[in-house]
Amino acid sequence: MSRAVSAVAVSFVQSALTPRLDAVNPYTIFSEIIAGTAEASRVHEDDTAIAFMDIRPLTTGHVLVVPKQQYRTLAELPPEIGAHLFVVGQKVAAAVRASNPRVAGVNLFLADGTVAGQEIFHVHLHVIPRMIGDGFGLRARPSSPHRSELDRLAAEIAAALTRQ
Numbered sequence: 001m002s003r004a005v006s007a008v009a010v011s012f013v014q015s016a017l018t019p020r021l022d023a024v025n026p027y028t029i030f031s032e033i034i035a036g037t038a039e040a041s042r043v044h045e046d047d048t049a050i051a052f053m054d055i056r057p058l059t060t061g062h063v064l065v066v067p068k069q070q071y072r073t074l075a076e077l078p079p080e081i082g083a084h085l086f087v088v089g090q091k092v093a094a095a096v097r098a099s100n101p102r103v104a105g106v107n108l109f110l111a112d113g114t115v116a117g118q119e120i121f122h123v124h125l126h127v128i129p130r131m132i133g134d135g136f137g138l139r140a141r142p143s144s145p146h147r148s149e150l151d152r153l154a155a156e157i158a159a160a161l162t163r164q
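Start counting the sequence shown at 1; every next residue gets the next number (UniProt numbering).
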């Protein structure tokens, strides 16, 4: 086994045996931003949510919309708070377009869970301005499932909805 493969294997085993930080640490930088004890370039604030510039933007003008109360996952997020995040996101998206004539579109993105790319365990909506040639985009290749597979999945999801 090469050193590189061995190092990857050791790293994988260590990560599998180490408790996930997000599972044991409720702290997020968003709590400090909301409290005013950490810097943020604020775009919007109301009683329910705050919007500020992402410090690691995917494109110029990338904004985060965050509920003031911490909800770690989408399942914990009350529907009325989720709706409010999207209302604020929609307004921010319109303002981003109005403030920069190069913005030709906007992606709204919310990652729920580590495997989905969530890094900060305080639900937040990304407002990502899109410019022609910005290089950002989804890289996954779509599949072409048979109608019977789509019907089977639809039935499973519909059944899960009725159990909620």
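Cβ atoms here follow ideal geometry from the backbone N, Cα and C, with glycine treated the same way.
Residue environment: L64 is assigned as buried (16 or more neighbouring CB atoms within 10 Å of its CB, all protein chains considered). In this structure H122 is not in contact with F109, their Cβ atoms being roughly 15 angstroms apart against a cut-off of 8 angstroms.
Per the C-alpha coordinates, the member of V92, E45, D47, S41 positioned closest to I55 is S41. By the 16-neighbour rule on beta-carbons within 10 angstroms, V115 is exposed. Rounded to whole angstroms, the separation of the alpha carbons of V43 and V103 is 17 angstroms.
P67 is positioned such that its CB atom lies no closer than 7 angstroms to that of A93. For P101, the closest C-alpha among the options R163, T162, M131, V87 is that of M131.
The beta carbons of L85 and F136 sit no closer together than 7 angstroms.
Runs of the beta strand (DSSP E) spanning 3 or more residues and lying entirely within the segment 14-102 occur at 42-45, 49-53, 63-67, in chain order. With contacts defined by Cβ atoms closer than 7 angstroms, P129 and V96 form a contacting pair. Between T73 and G113 the beta-carbon gap is near 7 angstroms, inside 8 angstroms, which marks them as a contact. Taking a 10 Å sphere around the C-beta of I29, we find fewer than 16 other C-beta atoms and assign the residue as exposed. Buried is the label assigned to I33, since at least 16 other Cβ atoms lie within 10 Å of its Cβ.
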